[in-house]
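Peer 1: Sharing a structure with you now.
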Amino acid sequence: MEVLDQLAELHPLLLCAAALGFMCVETSLLVGLFVPGDAVVLLAGTTVDSPARYALLVAATTLGCLAGETLGFALGRRFGPSIRQSWAGRRIGAGKWARAEAHLRRHGGPAVFGSRFVTVIHSLVPIVAGTLGMPYRRFICWAGPAALTWSCLYVGAGTAVAASYREVGSELGVWGTLIPPAIVATVIAVRVVRSHVRRRRMARHG
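Take a look at the structure:
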């Protein structure tokens, strides 16, 4: 409860600015490959206590997503091959780059929308889209609705978790302090399991 209370005490504009900034670097600077943006947004969502605060956080998160994806697209258009050969690009692995490129070539605009909900890939798709020369208007027309939908879902999920927690928080005592880190751990665990399953499927079909 203490951690959630501390988050809730932050000024809404400060929290929104932090969420916007993180989402911006998540896809443009590949930060999302190492720190999951979904966990950050879930935690930010636990501070929501009114429809106005929900709308403000959704707007900030959506704008952050679009700013980051736009910057990632521009970097891909200008430095695509160099990014792949950089230290971070090599850490990602040629296989992930190839899968993102194949997914985008095969499905075009819908792949941009769908990738927002796929771990790892959504951090690569803006750069790959820019590298492949996809028109920016087409890219952003698919990225915009995806960012808004994703933000509504994750902010809403964080809000629901916090509301449920506060209903029973007094009964949990010290165990309640484990809920925020449990949210982050769950998101990371899901990402790891999904990546492992995806690699096994590719190995079977490869």
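The C-terminal position of the sequence shown is numbered 1267 in our numbering, with every residue numbered one higher than the one before it.
Ideal Cβ positions, reconstructed from N, Cα and C, are used throughout, including at glycine.
#1: If you draw a straight line from the alpha carbon of Y1197 to that of A1207, how long is it in whole angstroms?
#2: May I ask which residues mark the beginning and end of the alpha helix (DSSP H) holding M1084?
#3: Please tell me whether T1122 and V1092 are closer than 8 angstroms, where the distance is taken between their beta carbons.
#4: Run the CB neighbour count on E1070, radius 10 Å, all protein chains shown included, and call it buried at 16 or more, exposed below.
#5: Kindly indicate which three-state DSSP category T1123 falls into: helix, strand or coil?
#6: Alpha carbon to alpha carbon, what distance is there between A1190 and F1140?
#7: Where G1175 and H1183 are concerned, what is the direct C-alpha to C-alpha distance, given to the nearest angstrom?
#8: Tell me whether F1178 is buried or exposed, calling it buried when 16 or more other Cβ atoms sit within 10 Å of its Cβ.
#9: Assess, as a yes-or-no matter, whether the stretch 1207–1219 is touched by the stretch 1103–1113 under the definition of 3 or more beta carbon pairs within less than 8 angstroms.
#10: Cβ of R1139 within 7 angstroms of any heavy atom in the ligand SAH?
#11: For L1104, which of A1113, S1089, F1083 has the nearest alpha-carbon?
#12: Under a three-way DSSP split, which group does D1099 fall into?
#13: CB G1156 to CB T1192, shorter than 8 angstroms?
#14: E1070 by DSSP, collapsed to three states: which one?
#15: At the level of alpha carbons, what is the spacing between M1195 and R1145?
#16: For S1184, name the three-state secondary structure that DSSP assigns.
#17: Ordered along the chain, which non-local residues of its own chain (more than five positions away) have a Cβ less than 7 angstroms from that of L1117?
Peer 2: Checking against the coordinates, here is how it stands:
#1: 15 angstroms
#2: 1073–1089
#3: no
#4: exposed
#5: helix
#6: 12 angstroms
#7: Approximately 8 angstroms between the Cα atoms of the pair.
#8: exposed
#9: yes
#10: Among the components modelled here there is no ligand, and therefore nothing to report on the ligand SAH.
#11: F1083
#12: helix
#13: No, Cβ-Cβ distance for G1156 and T1192 is not below 8 angstroms.
#14: helix
#15: When rounded, the distance between both Cα atoms is 18 angstroms.
#16: helix
#17: P1073, C1077
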